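Presented below is the structure to which this report refers.
Numbering (my numbering), first residue to last: 891 to 1039.
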């Protein structure tokens, strides 16, 4: 069974569209869906009062299922090198590298764990894939069908 991790772009689209799947109750133990601690941080940082409750339930359900992926020291080291290489290749300023830090952490930890990242952010993830191979797919949030990456 394929193991999947949704980027925050997928959750944000679901929040904006008031998608009932986010309120479907506890995560099934046999589920192949994982939650990145980085995505969790991003969701809390952007949550309004209504969405905060949903994020708290996501955290609780994924924690109970032991399916929260946390970057380790090696992930942090790898993304530092990745971001330096990306900056050199594309002449990124400090701001652009900072903007990609969270996505790079998601990529590195997911690749380490053999988890496929699902995102609607094709541009940034394609750029990261140039420097760190990982499994990923793009979902168009308007038709929700995965596209090949």
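Cβ atoms here follow ideal geometry from the backbone N, Cα and C, with glycine treated the same way. Note that the structure is a prediction, hence the values are computed from the model and not measured.
- A direct Cα-Cα distance of roughly 27 Å separates residue 957 from residue 971.
- Beta-carbon to beta-carbon, residue 895 and residue 926 are separated by about 6 Å, close enough to satisfy the 8 Å threshold.
- In the three-state DSSP reduction, residue 926 falls in the strand class (E or B).
- In the structure shown, the three-state DSSP call for residue 997 is helix.
- By the Cβ-count criterion, residue 960 is exposed, with fewer than 16 other Cβ atoms from all chains shown falling within 10 Å of its own Cβ.
- Rounded to the nearest whole angstrom, the C-alpha separation of residue 903 and residue 939 is 17 Å.
- Look at residue 1024 here: in three-state DSSP terms it is coil, with no helix or strand label.
- Excluding five sequence positions before and after residue 898, the CB atoms of its chain that fall closer than 7 Å to its own CB belong to 929, 932 and 933, given in chain order.
- Residue burial is scored here from C-beta neighbours: residue 995 has at least 16 other C-beta atoms within 10 angstroms and is therefore classed as buried.
- Comparing C-alpha distances from residue 973 to each of 998, 1003 and 1012 shows the shortest one belongs to 998.
- In the structure shown, residue 969 falls within a helical segment according to DSSP collapsed to helix, strand and coil.
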